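Visitor:
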Ligand code: DC
């Protein structure tokens with residue numbers, strides 16, 4: 002049976018960690034759709050493309066070759082796995098993701114991977130726009146302070162100048178943009194299983210998802 006498990010939710014909810022582990026346990030592939038937006042943002046930054054220049058973004062989407070293999074992300078064969086994880090690219094990716102031309106450009110990559118089945122896919126619109134027919138949809142959430150704390154722990158390893166306060170502000174800004182944009186905003190729908198991971202450990206969340214999948 003072809004099975005697609007979608008996990009949506011806001012920044013820092015733990016989607017990446019949970020989806021990766023779940024995929025490993027099930028022997029499924031894993032797709033981090035945020036990394037695709039981050040790769041586009043990185044490339045736009047390299048080429049100094051203004052984010053309101055739709056034609057230039059369209060060309061970028063036509064020319065870009067994004068490779069993903071587990072944790073390794075490449076853009077036209079350049080390994081950008083580390084570069085795309087900065088706070089700056091996080092902010093830029095949220096901005097580019099609001100552009101219809103970018104969402105359209107990345108749709109086929111995500112949809113095709115789902116059509117092959119046996120995949121855990123996570124992001125903001127995987128259960129609503131990419132594979133709405135999935136019978137296994139989850140919405141992973143956590144309180145804003147906890148999400149910011151998790152993101153901060155990740156970011157401070159790469160950027161010693163980062164503060165928790167700045168991370169909270171960044172997350173608030175991204176939450177608003179990601180859930181109020183016109184195109185495929187982050188939305189929780191009735192057919193998604195809601196999990197609040199604020200006070201839960203990683204294994205506990207994975208177990209909870211596995212229990213639901215067994216039902
Ligand atoms: O999950 P993340 O922080 O790596 O995602 C980076 C940005 O990409 C996020 O702020 C919004 C955008 N995104 C999106 O619009 N749709 C998705 N399915 C995944 C991410």
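Residue numbers (my numbering): 2 to 216. Glycine included, each C-beta is placed from N, C-alpha and C at the ideal position. Note that the coordinates shown come from a computational prediction; the quantities given were computed from them, not determined experimentally.
Could you spell out the range, first to last residue, of the alpha helix (DSSP H) harbouring residue 153?
Guide: Run containing residue 153: 145 to 156, per the alpha helix (DSSP H) assignment.
Visitor: Taking residue 45 as the reference, which of 76, 33 and 19 has the closest Cα?
Guide: Residue 45 has its Cα closest to that of 76, out of 76, 33 and 19.
Visitor: Buried or exposed for residue 25, going by 16 or more other Cβ atoms inside 10 Å?
Guide: Residue 25 should be labelled exposed.
Visitor: Can you give the Cα-Cα distance for residue 58 and residue 21, rounded to whole angstroms?
Guide: The straight-line gap from Cα to Cα measures roughly 30 Å.
Visitor: Which residue comes first and which comes last in the alpha helix (DSSP H) that contains residue 108?
Guide: Taken as a continuous stretch (DSSP letters only), the alpha helix (DSSP H) holding residue 108 covers 101 to 116.
Visitor: Can you tell me where the alpha helix (DSSP H) with residue 21 in it begins and where it stops?
Guide: Residue 21 -> alpha helix (DSSP H) spans 16 to 27.
Visitor: Just to check, is the beta-carbon of residue 95 closer than 7 Å to a non-hydrogen atom of the ligand DC?
Guide: Flag set: Cβ of residue 95 near the ligand DC.
Visitor: If you count every other CB in all the chains shown that lies within 10 Å of the CB of residue 160, and 16 or more means buried, which is it?
Guide: With fewer than 16 other Cβ atoms within 10 Å, it is exposed.
Visitor: Considering only heavy atoms of the ligand DC, does any lie closer than 7 Å to the CB of residue 140?
Guide: No, the Cβ of residue 140 stays beyond 7 Å of every heavy atom of the ligand DC.
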